[in-house]
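Numbering (the working numbering), first residue to last: 1 to 270.
Next up, the structure:
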């Protein structure tokens, strides 16, 4: 997708078929795209030209790469655009006849970055970073963007830095602290408190104040996404610095309890 559009001179695509039923994009799908996109724009494609497969490296099975000229309808997020036209490359699914979805003159949302020195040219943040627009998608997307752009928003989790379990004074009691690493270097931690005959109590912090947010973040929230979609599937042994074998086993169990409480991170994109 990094190739210059100026170098692409393929033949025009044939007439477009009816848009197929599209999958429901999950919170994680939208957050994956929006989190790395300086620009989120609603556009209306006016011209689609298919790129020869030999000139489309990395093209996925069942997809075609297209040069697309579009009219800007609305800037959803970002700034710095000049004019009302943009062009970009996108990989679109092909039907059994090798035809792309009928997006010409219909509203779509793209997640993109500007191309230096070419004010009317964009590069999508992913080959499939183009979604059919409707009012339901617009509302969900604006909610995701609002969370991402909030000052002090939870940052991307890159791993578990340290985990330590400290037993309590009574059997079955204790506290596990999980210190997480983030892409930005900002602090993030999870505290799991066990009391006798009760389910573990979990609190999450994306600040210097450990345990500042009681409970597991709700599903389809930014804090949930950062944890459920990026924590490793098991507590790394090297991060578990609890004092005894029993404490290390409890810390690992508390980590599993956290993952179970968060639940899976569903995605529909490849």
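Glycine included, every Cβ here is placed at the ideal spot set by N, Cα and C. A quick note: this is a predicted structure, and the numbers were derived from the prediction, not measured.
Does the beta-carbon distance from residue i to residue j come in below 8 Å?
i           : j           : result
residue 160 : residue 235 : yes
residue 254 : residue 167 : no
residue 62  : residue 94  : yes
residue 87  : residue 120 : yes
residue 208 : residue 187 : yes
residue 250 : residue 176 : yes
residue 178 : residue 189 : yes
residue 84  : residue 269 : no
residue 48  : residue 100 : yes
residue 130 : residue 124 : yes
residue 51  : residue 67  : yes
residue 103 : residue 127 : no
residue 139 : residue 222 : no
residue 258 : residue 202 : yes
residue 91  : residue 65  : yes
residue 164 : residue 241 : yes
residue 192 : residue 204 : no
residue 196 : residue 172 : yes
Below 8 Å on the Cβ atoms is my contact criterion, and I expect residue i with residue j to pass it. Report the Cβ-Cβ distance as a whole number of Å.
i           : j           : result
residue 155 : residue 116 : Going by Cβ atoms, the distance from residue 155 to residue 116 rounds to 27 Å, so no, they are not a contact pair.
residue 271 : residue 80  : This structure cannot speak to residue 271, because the chain is shown only from 1 to 270.
residue 31  : residue 111 : The pair is not a contact, with the Cβ atoms about 11 Å apart (cut-off 8 Å).
residue 233 : residue 224 : With a Cβ gap of about 16 Å, residue 233 and residue 224 do not count as contacting.
How would you write the range of the alpha helix (DSSP H) that residue i sits in, first residue to last?
i           : result
residue 254 : 245 to 262
Go to residue i, then tell me how far its beta strand (DSSP E) extends in each direction, as first and last residue.
i          : result
residue 93 : 85 to 93
Could you tell me whether any Cβ in chain D is nearer than 8 Å to the Cβ of residue i?
i           : result
residue 239 : In the structure shown, chain D cannot be found, because there is only a single protein chain.
Fill in: Touch test, the stretch 148 to 167 against the stretch 101 to 118, Cβ-Cβ under 8 Å, three pairs minimum
The stretch 148 to 167 is not in contact with the stretch 101 to 118.
Worksheet entry | Touching by the beta-carbon criterion (3+ pairs, under 8 Å), the stretch 27 to 39 and the stretch 70 to 87 | Of all C-beta pairs linking the stretch 27 to 39 to the stretch 70 to 87, three or more are shorter than 8 Å, placing the two stretches in contact.
Worksheet item: Can you list the alpha helix (DSSP H) stretches of 4 or more residues lying completely in the stretch 11 to 75, in chain order?
Response: Those alpha helix (DSSP H) runs which fall completely within the stretch 11 to 75 and span 4+ residues are 27 to 35.
Worksheet item: Taking one C-beta from the stretch 261 to 269 and one from the stretch 219 to 235 each time, how about it: are there three or more such pairs within less than 8 Å?
Response: Per the Cβ contact rule, the stretch 261 to 269 is in contact with the stretch 219 to 235 (3 or more Cβ pairs under 8 Å).
Practice prompt. Could you pull out every unbroken alpha helix (DSSP H) segment of at least 4 residues lying fully inside the stretch 116 to 180, listed in chain order?
Written response: Segments of the alpha helix (DSSP H) lying fully in the stretch 116 to 180: 135 to 148.
Worksheet item: Where are the beta strand (DSSP E) runs, 3 residues long or more, that stay fully inside the stretch 177 to 245, in chain order?
Response: Runs of the beta strand (DSSP E) lying entirely within the stretch 177 to 245, each at least 3 residues long, are 188 to 194 and 201 to 205 in chain order.
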